[in-house]
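**Q** Take this structure first; my questions come after.
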Amino acid sequence: MEKTISQHKNDIIEICRRVYANGWVAANDGNISIKLDSNTVLCTPTGMSKGYLTTDELIKVDMEGNKIDGHMEPSSEAKMHIDVYKNKPGINSVVHAHPPYATGFAVAGLPLDQCVMPEIIVGLGSIPLTKFGTPSTMEIPENVRPYLKEYNVFLLENHGALSVGSDVYQAYYRMESLELFAKISLFAKLAGKVQVLSEEDTKKVMEIRKQFNLPEENYPGCRIDSKIVKPDDSYVPGAGNTERNGNSGQSTVCSCGGAAASSGDKIEITRDKLVELVTLIVSNVVKNLKQ
Numbered sequence: 229m230e231k232t233i234s235q236h237k238n239d240i241i242e243i244c245r246r247v248y249a250n251g252w253v254a255a256n257d258g259n260i261s262i263k264l265d266s267n268t269v270l271c272t273p274t275g276m277s278k279g280y281l282t283t284d285e286l287i288k289v290d291m292e293g294n295k296i297d298g299h300m301e302p303s304s305e306a307k308m309h310i311d312v313y314k315n316k317p318g319i320n321s322v323v324h325a326h327p328p329y330a331t332g333f334a335v336a337g338l339p340l341d342q343c344v345m346p347e348i349i350v351g352l353g354s355i356p357l358t359k360f361g362t363p364s365t366m367e368i369p370e371n372v373r374p375y376l377k378e379y380n381v382f383l384l385e386n387h388g389a390l391s392v393g394s395d396v397y398q399a400y401y402r403m404e405s406l407e408l409f410a411k412i413s414l415f416a417k418l419a420g421k422v423q424v425l426s427e428e429d430t431k432k433v434m435e436i437r438k439q440f441n442l443p444e445e446n447y448p449g450c451r452i453d454s455k456i457v458k459p460d461d462s463y464v465p466g467a468g469n470t471e472r473n474g475n476s477g478q479s480t481v482c483s484c485g486g487a488a489a490s491s492g493d494k495i496e497i498t499r500d501k502l503v504e505l506v507t508l509i510v511s512n513v514v515k516n517l518k519q
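Counted the way the working numbering counts, the sequence shown spans residues 229 to 519.
This is how it looks when you write it as structure tokens:
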């Protein structure tokens, strides 16, 4: 049963409340939309906090971005949403926000594309980093467009994140998965190592997609070293390089002088000691913030 316009409006307001409560948007950041039909998009207005938006403030635009209903102006990023609808069939909602952990990776210029967590491998595959584009211009949609065929969640370089879905809840939950993955990835890096799955284990995880009837077509897979692993890649269980990436021992090397440091600037410490040091640093930061 198709939803009414009123129900769609309530859905957008509900997701606006969630992204605001989660701390993914500040001030008037972020925008959310639902494609109502082949020529109508319901979207959030410009210049409004998502935490206090009401249904009567939502805007309808056509597929060229022209306002067709509403007393406020549409989001300046509506063109990014519309470009997704034009170029990715089956998508009926777009969520754009600035979740801090995910945006941190976007600012650092780091995609979240390694084969690490089963839930991400099954649900999303991986999350690419799209080239920086000036906000409110066609640069962002043009830079996202090449990734639309395979991906459903995107890191926008030096900007934020974008997620798409068949409805607004799927788009939101994909953003939620992205933010948790980014948070866990950061903690793993602070602990000294992101342990990437072997290719054999990754393929086993990808087999789970079949249980949920998830298509292999246009599935991006994920990365191990420089190789993109996908379900249709042939492999022999137990053969080849199935070692986990990274240092499998209990020690790690800290290059305290940065990328240009000489060998004399490197120290070797145990992983437990590294975790202890990181914990101490974080505790001191939190203590200072409370003062």
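Every residue, glycine too, gets a C-beta built ideally from N, C-alpha and C. Note that this is a predicted model, so its numbers are computed, not measured.
1. Give every residue of the same chain whose Cβ lies closer than 8 angstroms to the Cβ of GLY353, excluding the five residues on either side of it in the sequence, and list them in chain order.
2. What does the alpha-carbon distance come out to for the pair ARG437 and HIS299?
3. Name the two residues that bound the continuous alpha helix (DSSP H) containing ALA389.
4. Could you name the residues that DSSP lists as bridge partners for PHE382?
5. Using DSSP's beta-bridge definition, name the partner residues of ARG451.
6. Could you tell me the alpha carbon to alpha carbon distance between VAL392 and MET308, rounded to whole angstroms?
7. To the nearest angstrom, how far is it from the Cα of LYS455 to the Cα of GLN342?
8. Taking 7 angstroms as the limit between beta carbons, can you name the residues of its chain near TYR400, skipping five residues before and five after?
9. Counting Cβ pairs closer than 8 angstroms, one from the stretch 328-339 and one from the stretch 267-281, do we hit at least three?
10. Using three-state DSSP, classify ALA399 as helix, strand or coil.
11. For SER321, name the three-state secondary structure that DSSP assigns.
12. How about VAL321 and VAL396: do their beta carbons lie closer than 7 angstroms?
13. If I'm right that SER413 touches LEU357 with Cβ under 8 angstroms, what's the distance once you round it to whole angstroms?
14. Distance, Cα to Cα, SER364 vs ASN386?
15. Quick one: which unbroken beta strand (DSSP E) runs of 3-plus residues sit fully inside the stretch 251-319? Chain order, please.
16. Might you give, ordered along the chain, the residues of its own chain that have their beta carbon closer than 6 angstroms to the beta carbon of LEU376, omitting 5 neighbours on each side?
17. Alpha carbons only, please: which of MET345, LYS431, GLY337, GLY351 is nearest the one belonging to PHE360?
18. Which of helix, strand or coil does DSSP assign to THR232?
19. Comparing C-alpha positions only, which one of ALA410, ASN250, SER277 sits nearest to MET345?
20. By Cβ distance below 8 angstroms, which residues in the same chain neighbour ALA249 in space, the five residues on each side in sequence not counted?
21. Assign THR358 to one of three DSSP states: helix, strand, or coil.
22. How would you call ASP206, buried or exposed, if buried means at least 16 neighbouring beta carbons within 10 angstroms?
**A** This is what the structure holds:
1. GLU378, TYR379, TYR447, PRO448, GLY449, CYS450
2. 45 angstroms
3. That residue, ALA389, is in no alpha helix (DSSP H); its beta strand (DSSP E) goes 388-393.
4. LEU390
5. GLN342, ILE456
6. 11 angstroms
7. 10 angstroms
8. ILE243, ARG246, VAL323
9. no
10. helix
11. strand
12. With the sequence shown as reference, residue 321 is identified as Ser, and Val is not the correct amino acid for it. Going by C-beta atoms, SER321 is nearer than 7 angstroms to VAL396.
13. Not quite, the Cβ-Cβ distance comes to about 13 angstroms (not below 8 angstroms), so this is no contact.
14. 14 angstroms
15. 259-265, 268-271, 287-289, 295-297
16. ASN315, LYS316
17. GLY337
18. coil
19. ALA410
20. GLY279
21. strand
22. Shown here, the chain extends from 229 to 519; a query on residue 206 therefore has no answer.
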